[in-house]
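**Student:** To start, I am sharing the structure in question, which I have written as structure tokens.
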Amino acid sequence: MAEKLKLERSMELYKEASKIIPAGVGSNARLMKSACHEFGPCSIFIEKAVGSHIWDVDGNEYIDYRLGYGPVIIGHSYKEIHDAVHLADEKGLVYASDNELMIEVAKTICRFVPSVKMLRFASSGTEATMGAIRVAKAFTTKDKIIKFEGHYHGWHDAVSFSTKPGYHCAKEAIPASLGISKGMSNYTLVCEWNNFESIESKVKDNYKDVAAIITEPVMGNASAIPPNEGYLKYLRELCDEYGILLIFDEVKTGFRLGKGGAQGLFNVTPDLSTFAKSMGNGYPIAAFGGRKDIMELIGPGKVMHGGTYSANPVSLTACKATLKELDKSSVWESLYSYGKKMMKGIDEILKDRKIPHVVHGFPTMFQFLFTDKERITAYRDLGFCDMKMFTKLQYELLKRGVMVDEDGEEAIYTSFSHSSGDLNRTLEALDDALGDLK
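For reference, each letter of the sequence shown is one residue, going 1019 to 1456 in the working numbering.
If you want it as structure tokens, here you go:
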């Protein structure tokens, strides 16, 4: 049995933070329960992160599979990226003017993702989806969008519906937060994902008012549930038939499932795409782009888009250095090799212990869940998974130096910096932790 996790300093900092910061955390998702269940909710405060490892303020070291919820595709404090950013820092941070690097990085993204003919940079995934939805509405002159249960597209009002609606979901859009104007639900329609009949019916009934369908091509915020065969292509066909734009939210999948993101992997071309996270290896940068005739609507007197920090030289430098690494086939070979071995190892351990489960997703972004179901295809299916058991397991893994998220709806992420030693330690920790579960 592993020793109790020591988190005294984290608890002190959390209590101090709670006095001046709402909920004591910088983002709601950082509030943890499993690691601190002996003390109450808290956040594990981090001291540093290097490569594939992360250290908290109590001196605990973990193999990191949260990776900032996906951005760190190469590794924490990766030398080539760190050095490039350090040099950029010396030239200034923001100019209120543009720089040549903006053009260079934009061209690289367009080369990686052929559907993107023009793009605008932003600072977060939320900003990127805001921009994509706004320009889609402007282009189509329609006011509504369709999104899916369990899909997260940021925290702005247009998409803050049915992100975690409960496993017995209602048909109407369920606000994900207080403070959302009641009328907003009239403009955001919700469907069950991977359900052909659900989206077909919703489109047929509302297509005259619907500007776009926005979807994560893989449910990155619901345990990396993959699309059913032909589903993304069906969305494309449906949009073409009814004059609706298709937006792929690749904030999580972009530059993580492959150079061309999920759309390259599944060979489906959206009208607009959003990117963030892995494009900067942890530095704050995002983008949205797509068809030229749509994106050309952005500009003074037309579609408003701006941002003090958009296309700043430091974030662009990080993006350039990250994409340079992701342009190497050896990086993808390593990423996929590690992830495949980890997925296989987890599956074998759970089978040996005769624990009903599924392992799904992709080598760089996947999850395993405790369930009797053979496949998990939609958010509602997560109601058939033992999430409490997963949360208990997460605490046991933390005690053994392995950090995954306590929420089974989050994915496990891998990076180029993860080593064979990390893999062996992770699988050993998992097997040992399962033995201590009650």
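Idealized CB from N, CA, C, for every residue including glycine.
Measure the Cβ-Cβ separation of Gly1363 and Thr1382 and say whether it is below 8 Å.
**Tutor:** Against a cut-off of 8 Å, the Cβ pair of Thr1382 and Gly1363 comes out as no contact.
**Student:** Does the region 1115 to 1125 touch the region 1059 to 1073, meaning 3 or more C-beta pairs lie closer than 8 Å?
**Tutor:** Output reads no: the region 1115 to 1125 does not touch the region 1059 to 1073.
**Student:** Note down, in chain order, each residue of its chain lying with its Cβ closer than 6 Å to the Cβ of Lys1024, except the 5 sequence neighbours on either side.
**Tutor:** These residues qualify, in order along the chain: Asp1076.
**Student:** DSSP state of Leu1283, grouped into three classes?
**Tutor:** Leu1283 falls in the helix class under three-state DSSP.
**Student:** Under 8 Å by Cβ, that's how I've got Asp1365 and Val1377 pegged, so tell me the actual separation to the nearest angstrom.
**Tutor:** 5 Å between Cβ atoms; contact.
**Student:** Counting only runs of 3+ residues fully inside the region 1147 to 1188, write out the beta strand (DSSP E) ranges in chain order.
**Tutor:** The region 1147 to 1188 contains these whole beta strand (DSSP E) runs: 1162 to 1166.
**Student:** Starting from the Cα of Val1090, find the closest Cα among Phe1434, Leu1452 and Ala1451 and give me that residue.
**Tutor:** Nearest option by C-alpha distance: Phe1434.
**Student:** Counting along the chain, where does the alpha helix (DSSP H) carrying Asp1449 start and finish?
**Tutor:** Where Asp1449 is concerned, the enclosing alpha helix (DSSP H) stretches over Ser1438 to Asp1454.
**Student:** Which residue's Cα is closest to the Cα of Arg1027: Ile1039, Asn1046, Ala1047 and Trp1073?
**Tutor:** The residue with the shortest Cα to Cα distance from Arg1027 is Trp1073.
**Student:** Give me, in chain order, the residues of the same chain whose beta-carbon lies closer than 8 Å to that of Arg1254; leave out the 5 immediate sequence neighbours on both sides.
**Tutor:** Closer than 8 Å at the Cβ level, and outside the excluded window around Arg1254, lie Leu1264, Val1286, Thr1287 and Pro1288.
**Student:** Mind checking Leu1085: buried by the 16 CB within 10 Å criterion, or exposed?
**Tutor:** Burial call: buried.
**Student:** Taking just the CA atoms, how far does Glu1446 sit from Phe1408?
**Tutor:** When rounded, the distance between both Cα atoms is 17 Å.
**Student:** With a threshold of 8 Å, are at least 3 pairs of Cβ atoms found where one atom belongs to the region 1343 to 1354 and the other to the region 1322 to 1335?
**Tutor:** Because the criterion of three Cβ pairs below 8 Å is not met, the region 1343 to 1354 and the region 1322 to 1335 do not touch.
**Student:** Take Asp1453 as the anchor and find which of Asp1425, Arg1418 and Glu1428 has the nearest alpha-carbon.
**Tutor:** Note that residue 1453 is Gly in the sequence shown, not Asp. For Gly1453, the nearest C-alpha among the options comes from Arg1418.
**Student:** What's the C-alpha gap between Ala1067 and Met1237?
**Tutor:** Their backbone Cα atoms lie some 27 Å apart in a straight line.
**Student:** Use the C-beta contact count for Tyr1113: other C-beta atoms within 10 angstroms, 16 or more gives buried, fewer gives exposed.
**Tutor:** Exposed, by the Cβ-count rule.
**Student:** In whole angstroms, what is the alpha-carbon distance linking Met1148 and Tyr1252?
**Tutor:** Rounded to the nearest angstrom, the two C-alpha atoms are 25 Å apart.
**Student:** Any idea if Ile1121 is buried or exposed, counting beta-carbon neighbours within 10 angstroms, 16 or more meaning buried?
**Tutor:** Exposed.
**Student:** When the Cβ atoms of the region 1390 to 1399 are set against those of the region 1164 to 1172, are three or more pairs found closer than 8 Å?
**Tutor:** With the cut-off at 8 Å, the region 1390 to 1399 and the region 1164 to 1172 touch.
**Student:** If I follow the unbroken alpha helix (DSSP H) through Ser1219, where does it start and stop?
**Tutor:** Phe1214 to Asn1224 is the extent of the alpha helix (DSSP H) around Ser1219.
**Student:** Whole angstroms are fine: how far does the CA of Met1019 sit from the CA of Phe1284?
**Tutor:** Those two C-alpha atoms are separated by around 44 Å.
**Student:** Excluding five sequence neighbours on each side, which residues of the same chain lie with their C-beta closer than 7 Å to the C-beta of Asn1299?
**Tutor:** Counting only Cβ-Cβ distances below 7 Å, and skipping sequence neighbours, we find Pro1089, Val1090, Ile1091, Ile1092, Tyr1096, Ile1099, Ala1336 and Thr1340.
**Student:** For the ligand ZN, any of its heavy atoms closer than 7 Å to the Cβ of Ser1070?
**Tutor:** As for the ligand ZN, it is missing from this structure, which has no ligand bound.
**Student:** Quick one: which unbroken beta strand (DSSP E) runs of 3-plus residues sit fully inside the region 1037 to 1113? Chain order, please.
**Tutor:** Runs of the beta strand (DSSP E) inside the region 1037 to 1113: 1064 to 1068, 1071 to 1074 and 1079 to 1082.
**Student:** Looking only at its chain, what residues have a beta carbon closer than 8 Å to the beta carbon of Leu1207, apart from the 5 residues adjacent to it on each side?
**Tutor:** For Leu1207, where only same-chain residues beyond five positions count, the Cβ hits under 8 Å are Lys1162, Ile1163, Ile1164, Lys1165, Ala1191, Lys1220, Asn1224 and Val1228.
**Student:** Are three or more beta carbon pairs between the region 1175 to 1187 and the region 1196 to 1211 nearer than 8 Å?
**Tutor:** A contact exists between the region 1175 to 1187 and the region 1196 to 1211.
**Student:** Do Val1153 and Ile1312 have their CB atoms nearer than 8 Å?
**Tutor:** A contact, by the Cβ cut-off of 8 Å.
**Student:** Just to confirm, is the Cβ distance from Ser1241 to Ala1429 under 8 Å?
**Tutor:** It is a contact, given that the beta carbons lie within the stated cut-off.
**Student:** Taking the alpha carbon of Glu1268 as the reference point, which residue from Gly1261, Gly1282, Ile1262 and Tyr1260 has its own alpha carbon closest?
**Tutor:** Nearest option by C-alpha distance: Gly1282.
**Student:** Given Cys1128, which residues of its chain have a CB within under 6 Å of its CB, disregarding the five upstream and five downstream residues?
**Tutor:** The answer, listed in chain order, is Val1134.
**Student:** Determine the burial state of Ser1328: buried for a count of at least 16 other Cβ atoms within 10 Å of its Cβ, exposed for fewer.
**Tutor:** It is buried - the Cβ of Ser1328 has at least 16 other Cβ atoms within 10 Å.
**Student:** Helix, strand or coil, according to DSSP, for Glu1343 in the structure here?
**Tutor:** Looking at Glu1343 - three-state DSSP - the assignment turns out to be helix.
**Student:** Starting from Leu1137, follow its DSSP beta bridges and name the residues at the other end.
**Tutor:** Gly1307, per the DSSP bridge assignment.
**Student:** Ala1124 lies in the alpha helix (DSSP H); which residues open and close that run?
**Tutor:** Ala1124 -> alpha helix (DSSP H) spans Glu1118 to Phe1130.
**Student:** How close, in whole Å, do the beta carbons of Asn1246 and Asn1212 come, if the pair is a contact with beta carbons under 8 Å?
**Tutor:** Yes, Asn1246 and Asn1212 are in contact; Cβ-Cβ is about 5 Å, under 8 Å.
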